[in-house]
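Residue numbers (full-length UniProt numbering): 1 to 268.
Working notes, beginning with the structure itself.
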Ligand SMILES: NC(=O)c1ccc[n+]([C@@H]2O[C@H](COP(=O)([O-])OP(=O)(O)OC[C@H]3O[C@@H](n4cnc5c(N)ncnc54)[C@H](O)[C@@H]3O)[C@@H](O)[C@H]2O)c1
C-alpha cells in the first residue's frame, strides 16, 4: 500500500473545530512538524486568537453550511497552494440528558456531527486529489460504536459518520486519499465539562487530548482506508474489528455471491 505524503514541512492541513480541545492539541503536534495548519471554527474573537497563539491560520466556518465548507477549502488552496489533510473534527453533544427526546436538539447534533462531516468530505476531496492524494480524518466517537443512552442524536451522528467513512473509503483510496475515523472514549476537553464531576466522583479516567491528537497524526501518516481507531484510557489506540454480518444463502445452502455491480471496483 502507498501512504499519502506524511505530515511535514510543505504540507497543509485543515482542522474543523480546530480551536477546541482536540483541535488545539492536534494543531500543536502538526506545528511541531512544520505543517501549515488552517484552523476552521465558529467566528469568534476567542477562536481567532487561539489560532494565532498556536501559529495557525484561522478560517471562520460553520460546518453545517455547505457552501462555506467549499469556500474554506478554496481559500486554503488559494493561500497555501494545496491541501494534504482534512481533519473533520467539529462536534457538539446534547446539552441535556433527560428522558425526553428533544427533536430540535437531536437534529442540530446530527447536522453538525454527521452532515458537517459529509459536507467536509465533499469539499476537501477534490483539493486533496489535486495535491496527489492525502488523508481525511473524521473525529467520530466510541459512541458511534457503542451508542450512549444519554444522547441518541450524538450516537446516531457518530455511528453515521463511521458508516460514511467505511462506505467512502474504497472510492477515496482509488484516488490516493485515506479516510479514517477516530473513536475516542471520554476525553479531557470542554465537551465533557457538563459531566466532568461525574467522572471525578467515580474516579473514572479520561483520555488526555494529546493522546487523541497523536492518534489523529498517526491516522494521516499510516491509517488504513476505512479504519475506525478506538482510543480508551489505559488501552491506547486500537483499530476496531467489525464483526461481519451473516451472508445470504442460496436455495441449496451455499453462500450467495453479491452481484458484481454492488461490490466496490477493487473487490470485483
Ligand atoms: N472529548 C470527548 O470526550 C470526545 C470523545 C469522543 C469524540 N469527541 C469528538 O471530538 C471532536 C472535538 O471535540 P472536543 O472534545 O475537542 O470538544 P470541544 O468542545 O473542545 O471542541 C469542539 C469544537 O467544535 C467547534 N464547533 C462546534 N460546532 C461547530 C460548527 N457548527 N462549525 C464549526 N465548528 C464547530 C467548537 O467551537 C469547538 O471548537 C467532536 O467531534 C467531539 O464530538 C470528543
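Yeah, the Cβ is synthetic: ideal placement off N, Cα and C, and Gly gets one too.
- If the five residues before and after residue 88 are omitted, its C-beta is found closer than 6 angstroms to the C-beta atoms of 16, 117, 120 and 138, all from its own chain and listed in chain order.
- The beta strand (DSSP E) runs of length 3 or more contained entirely in the region 68–150 are, from start to end of the chain, 85–88 and 134–139.
- Note on geometry: alpha-carbon atoms of residue 144 and residue 221 lie some 23 angstroms from one another.
- By the beta-carbon neighbour count (other beta carbons within 10 angstroms, threshold 16), residue 161 is buried.
- Each residue's CA atom was taken as its position, placing residue 72 and residue 93 some 24 angstroms apart.
- Selection 36, 80 and 64 evaluated against residue 51 yields 36 as nearest (Cα-Cα).
- In this structure, residue 249 sits near residue 255, with a CB-CB distance shorter than 8 angstroms.
- A straight-line Cα-Cα distance of about 18 angstroms links residue 195 and residue 232.
- In the structure shown, the three-state DSSP call for residue 16 is strand.
- Residue range 177–184 is occupied by the beta strand (DSSP E) that includes residue 182.
- Take the alpha-carbon of residue 45 and the one of residue 146: they are about 36 angstroms apart.
- Bounds of any alpha helix (DSSP H) do not take in residue 240, whose DSSP letter is neither H nor E.
- Between ligand 1 and residue 98, a heavy atom-to-CB distance of less than 7 angstroms is absent.
- Residue 11 is a Cβ neighbour of residue 84, given a cutoff of 8 angstroms.
- Distance from the CA of residue 29 to the CA of residue 182, rounded to the nearest whole angstrom, comes to 16 angstroms.
- Residue 32 is classed as exposed because its beta carbon has fewer than 16 other beta carbons within 10 Å across all chains shown.
- When C-alpha distances from residue 236 are compared across 199, 226 and 205, the shortest belongs to 205.
- Between residue 226 and residue 179, the C-beta gap is smaller than 8 angstroms, which places the two residues in contact.
- Counting along the chain, residue 58 sits inside the beta strand (DSSP E) bounded by residues 57–60.
- The C-beta separation of residue 153 from residue 105 comes to about 6 angstroms, placing the pair in contact by the 8 angstroms criterion.
- The residues 97, in chain order, have a CB closer than 7 angstroms to that of residue 150 in the same chain once the five nearest residues on each side in sequence are set aside.
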